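Structure record follows, encoded as structure tokens.
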Amino acid sequence: MEGSVLVVNCGSSSLKLALYENAEATIPTTEATAERLGTEQASLTVSGDLEFQTSGMMDHKAALTAFIDAASTQLKGLCGIGHRVVHGGESFIDSCVLNQSTISDLKKVSGLAPLHNPMNLMGIDLCGELLPEVPNVAVFDTAFHQTIPESTFLYGVPYHWYEEYGVRRYGFHGTSYRFVVGETARRLQQSPEDLNLIIAHLGNGCSACAIRQGKSVDTTMGLTPLEGLVMGTRSGDIDPGLIEFMSQTTETSLSELMTVLNRESGLLGLSGGLSNDMRTLLDAESDGNEAARRAIDAFCFRTARQLAALSTNFTHTDAVVFTGGIGEHSGVIRQRILAHWKNIPYRLNAAFNEANGNENGRISEQGTPLVMVVPTDEERMIAQDTYRLTSDHD
Ligand code: ADP
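Each residue of the sequence shown is one higher than the last, beginning at 18 in my numbering.
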């Protein structure tokens, strides 16, 4: 399809933009990152076909306006804008073109992600205002997981919480999983419908997913992205009783405790505040830092336990796939995770693992259960959906 597509990821104080030249493009021609928006220290950095930097007091609108003004040549022939939207509730099982009706449905589910969806909606509104002729598409982190069966998505809590308040597991990172399933199938020269996969997306946020015949049937994140694996700063699974215990024992409010569980836990908390960044922790560990070792060990064990639990969703697993910053780049972490998974003889090939995969992404020994590294690309997936949906509507 002709024309370019702009991918927009609008966060509370950041804005990320990526411009794809055509439907086949694998990398963006121009990218922009704006940070610390709404403060005097705001900055906008544009790279690729167009390069410039500006800083000083800027809000989201000012940053987007600056980009649009400077990129008028690059934006000629723009045929669609794809927006990352965190939560689509049960209303969105696929990406969709935004119009009055879908925006109103989106607003109805946005209470499920009060910190994220309003920011995503702001990005959508701004594009509607500044580029009014161009159709907008929403791509949801949750949509891919809408195939998870009821027995798996329900919590063991009063059922009317689900009926009245939508309390259930939704799962996130869906755009990443969808990309990785497609890419894994391509590398294995198989159809996604023929594949059972366990995918570990290990980045700052971490989750894992069971894919049965190409569809998500179970994932570790839940109502919010706090559930599941130990992450950079999020706790992952905890005993809910811990919250009352800590609240009473330390006289801490619920909102303060939630801040700790979201921002001061995970690798950061386990390492006693040393770092949320796996590279930093691995460096510290090799210098003999015990706090770093403790955090990494807990991360690896908990990840292995969840991967093993996900494997109960099918009788055989075609491949375990690692993705995300840690999953794609750290052979040591992959090896330490799999070493905990004792009932299946995953055996890594040291050279393949060190190289983050052979030519097909394989990291396990030939003839042993398949383990792969498949880099994710959520922006490209959003661009592809935008092409698919805007060409449907031509
Ligand atoms: P996000 O979830 O924000 O997209 P990424 O997927 O980029 O983040 O993942 C960031 C994490 O990946 C950080 O913990 C970082 O330390 C880790 N990481 C990146 N490269 C390496 C590496 N070579 N070895 C270990 N960890 C790495």
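Heads up, the beta-carbon is just placed ideally off N, CA and C, and yes, glycines get one too. These numbers come from a predicted model, not from an experiment.
- The Cβ neighbour count for D158, taken over all protein chains shown within 10 Å, is at least 16; the residue is labelled buried.
- In this structure, the beta-carbon distance from H162 to S127 does not fall below 8 Å.
- Buried is the label assigned to N153, since at least 16 other Cβ atoms lie within 10 Å of its Cβ.
- In this model, E382 and N366 are separated by some 5 Å (Cα to Cα).
- Residues of the same chain with a CB within less than 8 Å of the CB of R351, apart from the 5 flanking positions on each side, are F339, G344, L365, N370, I380, V388, V390 in chain order.
- For Y182, the uninterrupted alpha helix (DSSP H) run begins and ends at 176-182, by DSSP.
- Shown in chain order are the residues whose CB sits closer than 6 Å to a heavy atom of ligand 1: G220, N221, G222, G249, D294, M295, R296, L299, G341, G342, I343, H346, S347.
- In terms of Cβ geometry, F196 and T393 form a close pair [threshold 8 Å].
- Put simply, the stretch 190-210 does not touch the stretch 132-139. Fewer than three CB pairs are less than 8 Å apart.
- Each residue's CA atom was taken as its position, placing H177 and Y37 some 45 Å apart.
- Between N330 and A227, the beta carbon gap of about 4 Å places them in contact (Cβ cut-off 8 Å).
- S288 and N306 have their C-alpha atoms some 9 Å from each other.
- Per the coordinates, the alpha-carbon of G231 lies some 21 Å from the alpha-carbon of S108.
- Per the coordinates, the alpha-carbon of L123 lies some 8 Å from the alpha-carbon of G106.
- Remark: three or more beta-carbon pairs, one from each stretch, lie closer than 8 Å, so the stretch 317-329 and the stretch 231-246 are flagged as touching.
- Residue environment for E57: exposed (fewer than 16 other C-beta atoms within 10 angstroms of its C-beta).
- For the pair V349 and S303, the Cα-to-Cα distance works out to about 12 Å.
- Taking the Cα of R310 as reference, the smallest distance to any Cα among A321, Q323, L291 is reached at L291.
- Secondary structure in the stretch 74-132: the alpha helix (DSSP H) runs of 4 residues or longer, each lying completely within the stretch, are 77-87, 117-126 in chain order.
- Considered as a whole, the stretch 320-395 harbours 341-346, 348-357, 367-371 as its complete alpha helix (DSSP H) runs of no fewer than 4 residues, in chain order.
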